[in-house]
Every structure is written in structure tokens, then in C-alpha cells.
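Heads up: the structure comes next, in C-alpha cells.
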Amino acid sequence: MIDLQRIRTDKKAVVDSLHKRGLPDAEARIEAICKLDREKRATQSELNTLAATLNKLSNQIGHLLRSEVETTILEAKKKAINDLKERIKALKQQSKTHTSSLLEQLYALPNLPHQSVPIGKHADDNLIIYETPLNPSSGQLAHWDLIKKYDLIDFELGNKITGAGFPVYKGKGAKLQRALVNFFLDQAEKAGYTEIQPPILVNQQSAYATGQLPDKEGQMYHIPLANLYLIPTAEVSITNIYRDTIVATTALPIKHAGYTPCFRREAGSWGADVRGLNRLHQFDKVELVQICHPDDSYAHLERMLAYVQGLVEQLALPYRVLKLCQGDLGFCAAMTYDIEVYAAGQNKWLEVSSISNFETFQSNRLSLRYKDQNKKSCLLHTLNGSGLALPRILASLLEYHQRPDGIAIPKVLRPYTGFHIID
RNA sequence: GGAGGGUUGGCAGAGUGGUUUAAUGCAACGGUCUUGAAAACCGUCGUGCUUUUAAAGGUACCGAGGGUUCGAAUCCCUCACCCUCCUCCA
């Protein structure tokens, strides 16, 4: 959520920024917010004055009761208060309407892109900032063929038990996935991330605080009986640990890593492009979350990117790094790097990590703050990145490391798998 | 699922309708004293919104939301969460 203070003081810049993001009616929306804000404050001001009068009169009655006075004086004061109360009630109602309406309109606005984010409207406009040179190859099988050949994952069984997009991992397939999870968690620990095992169901408030609601309503699985949502990413549960907190600056940056299953309905994005492990309703992911001081959040973003690149390199997979353009940026992000690994059998790049700085967008909703030198509460910056998402890593690994005699397990994983090859 | 008890500032904890402006203690911060520290003593010490150049005010907040009342932390209703016992359970 964009800081209202920023909209007040820097209206033009906010509007310009939202235009670039592809909001043609940005000006009208910001104007509406400013108007509402002014009305809200005027209402609040009047309400405060009336409440002060009421409090004063009530106190007087209290004092008068202790000294014996004629009831007519008391009745007169009571009547004066009763007249006030009508107006106060109306103002309270009005103030409530203003607040909820203002919040609703603020919730609907995406974050403002960082000034260095490339201009552009579509995924084609994303900036490729690194790409592993590829050797030409042919005859590589796609992972869905390899999975069948070596009996690693059963999609049909998943269909039977649950439905499409819920695969069953078996034997070496299951073990390879577990090895990857452990490898990622151990690496994260070494890099200073404290491990978290969070709940995978969250309440509505949590989903609002990290920005999944109201923007992505319908993309999460919802359990109406308990009014809870299945998390689409561990980011939601882990970041919400810090909802409504003031963090000591000495504790910054806070770094967490968490492994959870993730659940996504993927409504509307289920198409021809989706086969095998490329897009699932349930998948595993190790997520990295950081809470940083605004002054150094971008330095930490770069470090997080370098860390995730290191993971892919250790798995000996070709990859590329994209800096997302303004139009392709996620709703909450101010800047995002995507890491895509190469899937040799499909001749395709698959996104396995999205590394973003949300600046104060989430912390504003979370009310996650620190105290500056003047003891003033200021919003912190939140960052997160996948480190990494499992199925597409698995897909790329199978396709890229396939040999005539089987699939070679990257060296770093062998202590975790206990085998060198899948044959 | 059943019965009972609870939720007050960073923490502990008083407060059952009106000088409560939420006591007190601990912790924290500043100071005096000290070579330095501890102890002792003095002072400061919640959050949001808002008025103001500032100093200083106003207002709201005692789990959440409603209600009663001139006035609610206090009384009533609804909900959430926590604890104890019973029941069930990995």
C-alpha cells in the first residue's frame, strides 16, 4: 500500500509513476483519494472538538453531583449533551465510511516502481542482465518423458487422488526433491538465514498484509469453514510474523528461510503451454524473506540475487537473470529480478525465482516499523526471493543433466541423494 | 464437543460507573554521585490521528465489534484468542 503521506506530499510523482506502470486513470484515482483524505480529516477535526465539549460537560456533571445542586441545572447540561450526541454519532459514522473507503482505494493501487526499473509494457521488454551461453544440442527429452522413463513422478495418480496439477513423486524422484530442499535450506543457513517452519494456512488479515488480498482474490485456495487461505508462498506466513511490530535497528537485517508447500489455483493461466512440472497447483519451495532498513535494502536485494544465482550455479544449470520492466512488475514490487533456468528438452526458460524489493508497500500494510534517531516510527523495507522453487528446478535438472546412461546428479546434491545417477 | 476461569502499557500487576489525567513494581533511557562500574537518589518513559513554526494541546485506543449511560477498563450482548478440567485424537 502506497504511503498516504507520500501521496499528499508528492502527488505528481506518484501519478507519473502509476502511469508508467500502466494505470491510465491514475490521476483520477489519486485525486479521489486526496479528496477523501481531506474530507476525512475535516470530519475528524470536528468530531474531536465536539468530543472535547462532551467530555468537559460530563465531568462537570460528575462534580456537580458531589456537591448538592438543583436537578434543573443537571437536566439542562444533560440536554446539551444529548444534542451533541446526535451530531457526534453522525460524524462517527461518516468517519468510519471515509476510513474504509480510503483504505479500499489505497489497497487497489499497485506499488510504485523504483526509478531504475526499465520502461516497458510486456515481458518482452524485460532486461536480460545475464545469460549463460548455451551449447547447441539436440535429441534431448523433455522432463515428462524422462519422468516416465525412470518412473520418478506419477501425474495420473495425482489426478486420481486430487486432480490435475497435484503430482505424486515416487522413489528417486521423491528423494531428489527432498535432497534439493535440504540442500537449499542448508545453503540458506550458511548465508545467515534463520530457518522457519510456518503455518501453511493463513487468516484474511495476513493475506491482506502481504498484498495477496484483495488483488489476487480467487488465486488462492480458500477454506470457507475456517475462513483461512492456503498460502501461495511462504512469504505470506513468514513476513506476517512481523505484522504490528517495531523492530530494533540493531536486529536488522532480519533474514529468514522457510520450506513449505505452496498452493495456487492458477485460474485463467492453465493453457497449452503447461505440461509436466511447468505449472502446478501444489509445489514445494524454499522462500527467503528479509526485513531491511530503507537505507540498505537495495544492497541486500543485490546480495540476495547473487546468493540465488550461486544456488543455480552449484546445480550446474544454465540460467539467465531478468530485470523486470515496469509493466511486468508484480502488484506489490518496486523492483524485481527473475531467475530463469534453461530446460534443454523443451528449449525453454523456466522461472524459478522472483527476487523483489517491496520497499514500504508491505510494511505499511503490516505496520512493520523501526524507530529512527528522533524516536519517530518509520516503515521498514521487506524483500523476498525464492531460493528456490522445486518443480521447475527438477525439470531443468532432469532435462539438462540427462546422459545416454541416465541422469547425472550434480555433485553438491550427491551427499543428499546418496546416489550419483538416475538410471 | 462439554464445564469453568481469563485477555489492562516492553513485562508483571492494581483498578467493579465520575479528581483515573490507568496506580504501583520491574525493565529501558537521561542525570547526580564515582577513577570506572554497581548501589542509592532525581528525572523521563505507550500507540495512532490531529492542531501548532515550536512549546504545548485535542482526540481515540484497556482482546475485536456493538449496546446501556450525562459519563464505561468497569455494566449488557456478539465474536476471537488464551488457561484449567472432562471428552476425543497424531
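Residue numbers for the first sequence, in our numbering: -7 to 415.
Glycine residues also receive a C-beta, built at the ideal position from the N, C-alpha and C atoms.
(Q) If contacts are defined as beta-carbon pairs under 8 angstroms, then Asp143 and Gly163 qualify, I think. What distance do you get, rounded to the angstrom? (A) Within the first sequence, the letter at position 151 stands for residue 143. Within the first sequence, the letter at position 171 stands for residue 163. The Cβ separation is near 7 angstroms, so the contact holds.
(Q) Can you check which of these residues, Asn356, Asn174 and Lys81, is closest to Tyr408 by C-alpha distance? (A) The residue labelled residue 408 in the question sits at position 416 within the first sequence. When each option's Cα is compared against that of Tyr408, the closest is Asn174.
Q | Reference Asp137; option with closest CA among Leu405, Val404 and Gly398 | A | Translated into positions along the first sequence, residue 137 becomes position 145. Answer by Cα proximity: Gly398.
Q: Using the Cα positions of Lys84 and Glu78, report the straight-line distance between them to the nearest angstrom.
A: Here the question's residue 84 lines up with position 92 in the first sequence. Here the question's residue 78 lines up with position 86 in the first sequence. Answer to the nearest angstrom: the Cα atoms are 10 angstroms apart.
Q: Pick helix, strand or coil for Tyr185, following the three-state DSSP scheme.
A: Position 193 of the first sequence holds residue 185. If DSSP states are grouped into helix, strand and coil, Tyr185 belongs with coil.
Q: Specify the secondary structure class of Asn366 as computed by DSSP and reduced to three states.
A: Taking the first residue of the first sequence as position 1, residue 366 is located at position 374. Note: Asn366 maps to coil in three-state DSSP.
Q) Is the beta carbon of Asp29 sitting closer than 8 angstroms to the one on Leu(-4)? A) Here residue 29 is taken as the residue at index 37 of the first sequence, counted from 1. Here residue -4 is taken as the residue at index 4 of the first sequence, counted from 1. Contact flag set, yes.
**Q.** Meets three-Cβ-pair contact criterion under 8 angstroms: the segment 291 to 300 and the segment 368 to 381
**A.** yes
(Q) Suppose contacts are defined by Cβ-Cβ distances below 8 angstroms. Is Leu421 in contact with Ile(-6) by that definition? (A) Nothing in the structure corresponds to residue 421, since the chain is present only between -7 and 415.
Q: Answer yes if the segment 99 to 113 comes into contact with the segment 303 to 312, meaning at least three C-beta pairs across the two stretches below 8 angstroms, and no otherwise.
A: no
Q.
So, under 8 angstroms CB-CB, Leu390 and His135 are touching, yes? Tell me the CB distance rounded to an integer number of Å.
A. Reading the first sequence from its first residue, position 398 is the one you call residue 390. Reading the first sequence from its first residue, position 143 is the one you call residue 135. So it is a contact: roughly 4 angstroms between Cβ atoms.
(Q) Judging by CA-CA distance, which residue of Arg0, Leu42 and Phe255 is the nearest neighbour of Leu76? (A) Start at 1 with the first residue of the first sequence, and residue 76 comes out as number 84. For Leu76, the nearest C-alpha among the options comes from Leu42.
Q: Would you kindly work out how many angstroms separate the C-alpha atoms of Ala336 and Gln394, rounded to a whole number?
A: To locate residue 336, count along the first sequence from 1; it is residue 344. To locate residue 394, count along the first sequence from 1; it is residue 402. Straight-line Cα distance between these residues: approximately 9 angstroms.
**Q.** Spatial distance of Ala418 from Arg33 (CA atoms)
**A.** The question about residue 418 has no answer here: the residues shown for the chain are numbered -7 through 415.
**Q.** Rounded separation between Leu244 and Ile139 - CA only
**A.** Translated into the one-based positions of the first sequence, residue 244 becomes position 252. Translated into the one-based positions of the first sequence, residue 139 becomes position 147. Their backbone Cα atoms lie some 43 angstroms apart in a straight line.
Q. Given a threshold of 16 other Cβ atoms within 10 Å of its Cβ, counted over all protein chains shown, does Gln318 qualify as buried or as exposed?
A. Taking the first residue of the first sequence as position 1, residue 318 is located at position 326. The residue is buried, with at least 16 neighbouring Cβ atoms inside 10 Å.
Q) Is there contact here, the segment 321 to 331 with the segment 343 to 359, by at least three beta-carbon pairs under 8 angstroms? A) yes
Q: Quick one: residues in its chain with C-beta nearer than 8 angstroms to the C-beta of Glu181, no 5 flanking neighbours on either side, listed in chain order?
A: Position 189 of the first sequence, counted from the start, is the residue given in the question as residue 181. Counting only Cβ-Cβ distances below 8 angstroms, and skipping sequence neighbours, we find Glu187 and Ala249.
(Q) Restricting to Cα atoms, I'd like to know which of Ile153, Glu67, Val281 and Lys4 is closest to Asn225. (A) Along the first sequence, read from residue 1 onward, the residue named residue 225 stands at position 233. Before going further, note that residue 225 is Thr rather than Asn in the sequence given. Of Ile153, Glu67, Val281 and Lys4, the residue nearest in Cα terms is Val281.
Q: Would you mind giving the Cβ-Cβ distance between Arg267 and Glu258, rounded to the nearest angstrom? I have them listed as a contact below 8 angstroms.
A: The sequence position of residue 267 within the first sequence is 275, counting from 1. The sequence position of residue 258 within the first sequence is 266, counting from 1. Not confirmed; about 14 angstroms, so no contact.
Q.
Can you check which of these residues, Leu10, Asn349 and Arg384, is closest to Lys340 by C-alpha distance?
A. Taking the first sequence and counting its residues from 1, one reaches residue 340 at position 348. Selected option, being the one with the closest Cα: Arg384.
Q) Terminal residues of the continuous beta strand (DSSP E) containing Asn349? A) Locating residue 349 in the first sequence gives position 357, counting from the first residue. First-last of the beta strand (DSSP E) with Asn349: Lys340 to Glu351.
Q: Find the nearest neighbour of Ser9 within the set Leu321, Lys69, Lys70 and Leu314, judged by alpha-carbon distance.
A: Translated into the one-based positions of the first sequence, residue 9 becomes position 17. Residue Leu321 is the option with its Cα nearest to Ser9.
Q.
Let's test the definition: count the other Cβ atoms within 10 Å of the Cβ of Glu227 and tell me whether it reaches 16, buried, or not, exposed.
A. Along the first sequence, one-based indexing puts residue 227 at 235. Buried: at least 16 other Cβ atoms inside 10 Å.
Q. With DSSP run on the structure shown, which of helix, strand or coil describes Phe175?
A. The residue you call residue 175 lines up with position 183 of the first sequence. Three-state DSSP puts Phe175 in a helix.
Q | Segment limits, alpha helix (DSSP H) that includes Leu390 | A | Residue mapping note: residue 390 aligns to position 398 of the first sequence, counting from 1. That run of the alpha helix (DSSP H) goes Leu382 to Tyr392.
Q: Give me the Cβ distance between Gln274 and Gly165, rounded to the nearest whole Å; I'm assuming they're in contact under 8 angstroms.
A: Within the first sequence, numbered from 1, the residue matching residue 274 stands at position 282. Within the first sequence, numbered from 1, the residue matching residue 165 stands at position 173. The pair is not a contact, with the Cβ atoms about 15 angstroms apart (cut-off 8 angstroms).
Q.
Rounding to the nearest angstrom, what Cα-Cα distance links Leu405 and Asp117 in this structure?
A. If you number the first sequence from 1, residue 405 lands on position 413. If you number the first sequence from 1, residue 117 lands on position 125. Cα-Cα distance, rounded: 35 angstroms.
Q) Does the segment 351 to 368 come within contact of the segment 148 to 156, defined as at least 3 CB pairs closer than 8 angstroms? A) no
Q) Excluding five sequence neighbours on each side, which residues of the same chain lie with their C-beta closer than 6 angstroms to the C-beta of Ile80? A) The residue you call residue 80 lines up with position 88 of the first sequence. Result list for Ile80: Leu42, in chain order.
Q.
So, with DSSP's three-state summary, where would you put His11?
A. In the first sequence, the residue the question calls residue 11 occupies position 19. DSSP places His11 in helix when its eight states are reduced to three.
Q.
Is the separation between the beta-carbon of Leu222 and that of Phe255 shorter than 8 angstroms?
A. Residue 222 sits at position 230 when you count from the first residue of the first sequence. Residue 255 sits at position 263 when you count from the first residue of the first sequence. In contact: Leu222 and Phe255 (Cβ atoms closer than 8 angstroms).
Q | Inter-residue Cα distance where the pair is Gln354 and Lys208 | A | As a first step, residue 354 must be located in the first sequence, where it is residue number 362. As a first step, residue 208 must be located in the first sequence, where it is residue number 216. In a straight line, the C-alpha of Gln354 is about 15 angstroms away from that of Lys208.
**Q.** Limits of the alpha helix (DSSP H) - the one that Asn51 falls within
**A.** Translated into positions along the first sequence, residue 51 becomes position 59. Start and end: Ala18 to Arg58.
Q) Considering only C-alpha positions, which residue in the set Lys277, Met296 and Gly377 is nearest to Leu386? A) Your numbering for residue 386 matches position 394 in the first sequence. For the residues Lys277, Met296 and Gly377, the minimum Cα distance to Leu386 belongs to Lys277.
Q. Ends of the alpha helix (DSSP H) at Lys141?
A. Mapped onto the first sequence, residue 141 falls at position 149. Where Lys141 is concerned, the enclosing alpha helix (DSSP H) stretches over His135 to Tyr142.
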